[in-house]
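Basically our numbering = 1-based index in the sequence shown + 221. Note that beta-carbon positions come from the ideal geometry of N, C-alpha and C, so glycine has one too. Model, not experiment: these values are computed from the prediction.
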Amino acid sequence: MLTVLEPEGLYPDTTIEQEILGPGVRILRGHAKSSLAELPDSLLAEVDGLMTLRMWVPAAQIARFPKLKVVVRMGVGYDRVDRVACAARGILVANLPDYGTQEVAEFAVLLAVALRRGLTLYHDTQRGPHPAPWAVFPSAIVRRQEVQTFGIIGLGRIGSAAALRAKAFGYKVVFYDPHQPNGWDRALGIQRARTLEELLAQSDVLSLHCPLTRHTRGLVGERELRLLPKGAVVVNTARGPILDIDALGRCLQDGHIAGAGLDVIPVEPPEAPVPDLLRAYRAQEEWLRGRLIITPHIAFHTPEAWQDIRVKGVETMRDVLVEGKRTNVIPPESD
């Protein structure tokens, strides 16, 4: 009998999991709060398949699973799993590329539109004991959508969904993704940039939708931000370390970047010392009024998305562990 472990105790029972995996699979539930290190070796010794949502799966913990064959990361990103250590053991790693697609795409465009149409600007300036005058508040951040280019880095499922939504708002949409085949742009009715620099030079809004890998870590730093047109808006709903948050803070402070929307930051939850930009945001410093939105990595969240995580996670485990398929298995070249 195969054994699958869900170490975080995410759900009140295993009814759905058992129905999908079938009677030939035993399901174990842990109640670890933050780390696999909280669970005993005797439990991990029985496990063939591991399903994780928030937990990191480092090499030291992988070594504690003598029978492990499959790790399913219950989300799109897979940077929490040490894939090098898994590959050395022949352990397959899979993710859920088709969950939360609508939610994250909508949230990315929502951040851009809220900033560009002045929603956050007027919300912030009308609050408190000394609101701004009841009138137009001049700001470089406010612009009509149809005169702007919405630039996307990473045109996978979420990036494609964001492209279609931005296009519906009237943006000209351009993307950069060297991994997408020719014709992807034509299928969506958008334009392709041949290089990252070509994309940046024309992006009035830049939205990040690539995975975090060794190639994309630090992809957008100060040099890249200053290649954007003056007054651009930057949105990150992908992974925090893709964007240099300190460089973003400098570009916001000197006015080169008009605004930013961040659902992700480099260290989550933030630890001391927090980035200067986050500190200024929390202090509600005047220079950031209406120009910055930070949310706690919740772009994916709807009740429907949580159900998708559960069902698609266990379906992926069934396909790979029980039926020997390659459903959602991440190929080595994706690093």
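In the structure shown, E544 falls within a coil segment according to DSSP collapsed to helix, strand and coil.
Contact between L342 and G511 holds, since their C-beta atoms are separated by about 3 angstroms, short of 8 angstroms. In the structure shown, V532 adopts helical secondary structure according to DSSP, grouped into three states. Among the bridge pairs identified by DSSP, L271 is matched with L226 and V292. The three-state reading of DSSP puts Q369 in coil, since its state is none of H, G, I, E or B.
The way I'd put it, the segment 390-407 doesn't touch the segment 497-513; fewer than three beta-carbon pairs between them come closer than 8 angstroms. By the neighbour-count definition (other C-beta atoms within 10 Å, threshold 16), K533 is a buried residue. Annotation: R247 to I312 spans about 19 angstroms, alpha carbon to alpha carbon.
The beta carbons of V305 and A281 sit no closer together than 9 angstroms.
Using a 10 angstroms sphere on the CB of M272, the tally of other CB atoms reaches 16 or more, which defines it as buried. DSSP places G245 outside both helix and strand once states are collapsed to three, so it counts as coil. With a cut-off of 8 angstroms on Cβ pairs, the segment 431-439 is not in contact with the segment 401-410, counting fewer than three such pairs. At the C-beta level, L289 and I374 stay beyond 9 angstroms of one another. The Cβ neighbour count for S424, taken over all protein chains shown within 10 Å, is at least 16; the residue is labelled buried.
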